[in-house]
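Enquirer:
2 protein chains.
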Amino acid sequence: MVTVNGRRATAADVAAAAGVSRSTVSYILNGSDQQTFSPQTVARVRAVAADLAYTPHAAARALRKGQSGIVLLAVPDVPASANFAKLVAALTDAVRATNRSLATLAIRPGNRLLDSLRDISPQALLEVLPLPEEDTAAAVAASIPVISVASPIERLDEAAGALQVQHLAALGHRRLGILTVSDLQVRPFSTSRLAAARTAAADLGLPAPDVMAVAGPPDESAITAVARALRRLTKGPDPVTALCCFNDLFAAVAVAAARSIGLDVPRDISIVGIDDEPLAGLLGPTLTTIRYDYTGTGAHMRDLLRHVLDGGPAATETSSDAPQVIERESTRRLDHE
Amino acid sequence: MVTVNGRRATAADVAAAAGVSRSTVSYILNGSDQQTFSPQTVARVRAVAADLAYTPHAAARALRKGQSGIVLLAVPDVPASANFAKLVAALTDAVRATNRSLATLAIRPGNRLLDSLRDISPQALLEVLPLPEEDTAAAVAASIPVISVASPIERLDEAAGALQVQHLAALGHRRLGILTVSDLQVRPFSTSRLAAARTAAADLGLPAPDVMAVAGPPDESAITAVARALRRLTKGPDPVTALCCFNDLFAAVAVAAARSIGLDVPRDISIVGIDDEPLAGLLGPTLTTIRYDYTGTGAHMRDLLRHVLDGGPAATETSSDAPQVIERESTRRLDHE
DNA sequence: CGAGGTTACTCACACGTGTGAGTGAAACGT
DNA sequence: ACGTTTCACTCACACGTGTGAGTAACCTCG
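One line per chain: the protein sequences are A and B, in this order.
Be aware that the first sequence starts at 1, since it is given in the working numbering, and climbs by one per residue.
Be aware that the second sequence starts at 338, since it is given in the working numbering, and climbs by one per residue.
(1) Determine, using beta carbons only, whether Arg492(B) comes closer than 8 angstroms to chain A.
(2) List the residues of chain A that Ala685(B) touches, going by C-beta distances under 8 angstroms, in chain order.
(3) If I measure Cβ to Cβ from Val592(B) and keep anything under 8 angstroms in the same chain, skipping five residues before and after, which residues do I get?
(4) Within this structure, are the beta carbons of Cys582(B) and Gly610(B) separated by less than 8 angstroms?
(5) DSSP state of Glu337(A), grouped into three classes?
(6) Measure the CB-CB distance between Ile483(B) and Thr473(B) and report whether it falls below 8 angstroms.
(7) Using CA atoms only, rank isn't needed, just tell me which of Gly31(A), Phe250(A) and Gly110(A) is closest to Ala431(B).
(8) Would Pro39(A) be called buried (16 or more neighbouring beta carbons within 10 Å of its own) or exposed?
(9) So what does DSSP say about Arg291(A), is it helix, strand or coil?
(10) For a quick check, are the C-beta atoms of Val577(B) and Gly498(B) less than 8 angstroms apart?
(11) By the 8 angstroms beta-carbon criterion, what residues does the region 243 to 262 of chain A contribute toward chain B?
(12) Chain A partners of Pro603(B), CB-CB under 8 angstroms?
(13) Give every residue of the same chain whose Cβ lies closer than 8 angstroms to the Cβ of Ala107(A), excluding the five residues on either side of it in the sequence, and list them in chain order.
(14) Could you work out which residues of chain A lie near Gly542(B), taking near to mean beta carbons separated by less than 8 angstroms?
(15) Measuring alpha carbon to alpha carbon, tell me which residue in Ala507(B), Gln372(B), Ile560(B) and Ala566(B) is nearest Ala538(B).
(16) Compare the C-beta of Gly316(B) with all C-beta atoms of chain A and state if any pair is closer than 8 angstroms.
(17) Can you give me the start and stop residues for the beta strand (DSSP E) that Thr441(B) sits inside?
(18) Against chain B, with Cβ distances strictly below 8 angstroms, would Pro237(A) count as a contact?
(19) Among Pro209(A), Pro122(A), Leu304(A) and Asp310(A), which residue has its Cα nearest to the Cα of Ser151(A)?
(20) Exposed or buried, Thr517(B), counting other C-beta atoms within 10 Å across all chains shown (16 or more means buried)?
(21) Give a yes or no on whether 8 angstroms exceeds the smallest Cβ distance from Ala534(B) to chain A.
(22) Hey, is Val2(A)'s beta-carbon within less than 8 angstroms of any beta-carbon in chain B?
(23) Let me know the secondary structure DSSP gives Ser148(A) once reduced to three states.
(24) Quick one: complete beta strand (DSSP E) runs, 3+ long, within the region 369 to 445 of chain B?
(25) At 7 angstroms on the CB atoms, spell out the chain B contacts of Val88(A), in chain order.
(26) From the DSSP output, which residues share a beta bridge with Ile271(A)?
(27) Are the C-beta atoms of Leu309(A) and some chain B residue less than 8 angstroms apart?
(28) Pair every Cβ in the region 374 to 392 of chain B with every Cβ in the region 349 to 365 of chain B, then say whether three or more of these pairs are closer than 8 angstroms.
(29) Between Glu557(B), Ala532(B) and Asp605(B), which lies nearest to Glu495(B) when the distance is taken from Cα to Cα?
(30) Flag Arg44(A) as yes if its beta-carbon sits less than 8 angstroms from any beta-carbon of chain B, otherwise no.
(31) Out of curiosity, what's the CA-to-CA distance linking Leu428(B) and Gly635(B)?
(32) Start and end of the alpha helix (DSSP H) containing Ile261(A)?
(33) Which ranges does the alpha helix (DSSP H) cover as unbroken runs of at least 4 residues, wholly within the region 511 to 546 of chain B, from first to last along the chain?
(34) Could you tell me the distance, in whole angstroms, from the CA atom of Ala15(A) to the CA atom of Leu52(A)?
(35) Which residue or residues does DSSP assign as beta-bridge partners of Glu220(A)?
(36) Can you list the residues of chain B that Ile147(A) reaches, using a CB-CB cut of under 9 angstroms?
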């Protein structure tokens, strides 16, 4: 490899070294069908380009083509779960399938989207959770389409919430409790899951589940709050025998709460989470949970991006791959006497 | 807000609307000290710019200035922990402190760094784990400095490994076991932690800890493997009474393994993890662990970036904030008879 | 009243690409 | 032999910005 006095090589450097014009270099390296070149020239330019380790300057290319090839995923500063990583992986592949690159940006108190849009001109902005009004406004002003992943995720959440109920019903449980959260950040997820669980219960002819909402993170105070609620719900002639939890963290909270008031899981109460966290299979008892599959989501977003950015056909409502029950120890079949 | 026939507004649009030259717009909006403008003109240009929602085109700006303002964090496709999210947050702030933006890129089978470098011309490439040789070579060829976060992280890992041993020693434990992993992906972390733990044990005059290495993920087979090793180590006249685990996941594996051979945690064996996963405080028993603090790492990376990119003074070896023991139920004081 | 300085701007170039239009030479068809 | 097509390439513009150099009008001062 030869460097041209420290600077990175440009197309002009390649052209000079190969003894052709800069246009020739551009045409050959971009493989146009309209222009023809002799095999020798093509080979020579390719060789020189490799030799100089020529890489086109992304900014210049973006400026000329009018599109940056970058899709930005803006994520608010929310604790990242393994599930989220899976989603990012699926989105990365989806964006790559449209010949673009997905970059992820963490929106933080000191790092507003506004600041970063000065450095990055994405072709589209992806949001999982609703972004601050200010930020979406800025994107719209810069005529950057804001695409939300919310609706496919919502469908997954609905499927997951329903699946929790359906699985417990299949095990013979009729009186269910639902442990949801009131945290604003994850509100979109929790409402979808809750609503779907309620609907599923109604569809199955079950009595309306008892809902308890926890504010704040899954810590000691959450455990005592859940324990208090649980004591109430498991008393009486028709006690709750199973609990659908917002996610595995709160399922673990529920397990701890049940223990603290002398209930055995799963003998006295079955508990099912959502997310299939890596630790879920290592808890005592191991946690029955719902595992998401984002391949359908990825395919949907790919089609949507093609539609919005490349003028492709309108994205069809791809049937997203259904979440899946991972059966473990925290749920048990209820033997009706 | 007024749009100029669909297109996003350029500096020329602002200039025309304000009745000044394009240079004037550029000077005013960038606030140069060399040029002076009448207050009226400044106000008018500012107003028009706001009215047209003018945002400078990032690619054009990058092309002209010769620097993109983007620092790229390339992460291999490794399960994301909450800890990793904390690191990304710290790095995001560090990069922002140098007036640049940190974008994260997931390196995947279908999404090679090479492909994305065509779309993104970062000013620097950050790596946590060593990138594929091919990728670093490409970055170097494009004269993009590759900056590794490995060394500050290594110091944290060393501190954490030592802390595990020191904490257990302070509780009266002398015969320690170490549960490490042989997974190549996380090899840098595991070797640092292991080496530091060994050194710490030697410094404290403890017998050399017994090391068991697990291959593969923290699943059922890992539990049986650890159980087998644990049975051996806890036998005999001088049994192991405490275990330092690679992370919280493997600490949970160790707890399950101990249970499976009839050992009580922490009565028969103390177990300490690393990472302080959200679920760690919800396990039964709750997990004693080491929590990382990345503020020092962030400061160090900020100085390093300033040095490499802005020619600032050489980065000093900032004393990174020490990790911290989170004492919970899985460890107990050993009463010597 | 003219030299020199300040104020408020504008001109014009460069950054590195991609691409439609053009061009000279060779090959081809009649 | 001559018009026409094909081949292999080059010219020149445009994308939108930042900035050093220039410039006309106005003010200051001896």
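The beta carbon of each residue, even a glycine, is placed where N, CA and C say it ideally should be.
Note that the structure is a prediction, hence the values are computed from the model and not measured.
Expert: This is what the structure gives:
(1) Taking 8 angstroms as the CB threshold, Arg492(B) stays off the interface with chain A.
(2) Because chain B here runs from 338 to 674, residue 685(B) falls outside it and cannot be looked at.
(3) Taken in chain order, the residues that qualify are Val602, Ile608, Leu620, Pro622, Leu624 and Ser667.
(4) Taking the C-beta atoms as reference points, Gly610(B) is found nearer than 8 angstroms to Cys582(B).
(5) Annotation note: pLDDT 49 at Glu337(A) (below 50); position unreliable, coordinate value reported separately. Shown here, Glu337(A) sits in coil according to DSSP, grouped into three states, outside any helix or strand.
(6) Correcting the residue type first, residue 483(B) is Val in the shown sequence and not Ile. Yes, the Cβ-Cβ distance between Val483(B) and Thr473(B) is below 8 angstroms.
(7) Closest in alpha carbon position to Ala431(B), among Gly31(A), Phe250(A) and Gly110(A), is Gly110(A).
(8) Exposed.
(9) In this structure, Arg291(A) counts as strand in the three-state DSSP scheme.
(10) Against a cut-off of 8 angstroms, the Cβ pair of Gly498(B) and Val577(B) comes out as no contact.
(11) Under the 8 angstroms Cβ criterion, the region 243 to 262 of chain A contributes Asp248, Leu249, Ala252, Val253, Val255, Ala256 and Arg259.
(12) Correct list: empty, because the minimum Cβ distance to chain A is about 14 angstroms.
(13) Per the sequence presented here, residue 107(A) reads as Ile, with Ala not at that position. Excluding positions up to five away in sequence, the list reads Ala74, Val75, Pro76, Asp77, Leu113, Leu131, Pro132 and Asp135.
(14) Residues of chain A passing the Cβ test: none, with the nearest at roughly 34 angstroms.
(15) Ranked by Cα distance from Ala538(B), the first of Ala507(B), Gln372(B), Ile560(B) and Ala566(B) is Ala507(B).
(16) Because chain B is modelled from 338 through 674, residue 316(B) falls outside the range shown and cannot be assessed.
(17) Looking at the DSSP string, the run of the beta strand (DSSP E) that includes Thr441(B) is Ser438 to Ile444.
(18) Chain B, which has no Cβ nearer than 8 angstroms to the Cβ of Pro237(A), makes this no.
(19) It is Leu304(A) whose Cα lies nearest to the Cα of Ser151(A).
(20) Thr517(B) should be labelled buried.
(21) False, the Cβ-Cβ gap to chain A never drops below 8 angstroms.
(22) In this prediction, Val2(A) has a pLDDT of 49, which is less than 50 and means its spatial position is unreliable; nothing more can be read from the coordinates.
(23) If DSSP states are grouped into helix, strand and coil, Ser148(A) belongs with the strands.
(24) For the region 369 to 445 of chain B, whole beta strand (DSSP E) runs of length 3 or above, ordered along the chain, are 407 to 413 and 438 to 444.
(25) Those within 7 angstroms of Val88(A) in chain B are Ala443.
(26) According to DSSP, which records beta bridges pairwise, Ile271(A) is partnered with Leu243(A).
(27) Under the Cβ distance rule, Leu309(A) does not count among the residues neighbouring chain B, no pair being separated by less than 8 angstroms.
(28) Touching, yes, given that three or more Cβ pairs across the two stretches are closer than 8 angstroms.
(29) The option with the nearest alpha carbon to Glu495(B) is Ala532(B).
(30) Residue contact check for Arg44(A) against chain B: no CB pair falls below 8 angstroms.
(31) Straight-line Cα distance between these residues: approximately 5 angstroms.
(32) Careful: Ile261(A) lies outside any alpha helix (DSSP H) and carries neither H nor E.
(33) Whole alpha helix (DSSP H) segments, 4+ residues: 524 to 540.
(34) Distance from the CA atom of Ala15(A) to the CA atom of Leu52(A), rounded to whole angstroms, is 11 angstroms.
(35) Beta-bridge pairing links Glu220(A) to no other residue.
(36) Listed along chain B, no residue sits closer than 9 angstroms to Ile147(A) by beta-carbon distance, the nearest being about 17 angstroms off.
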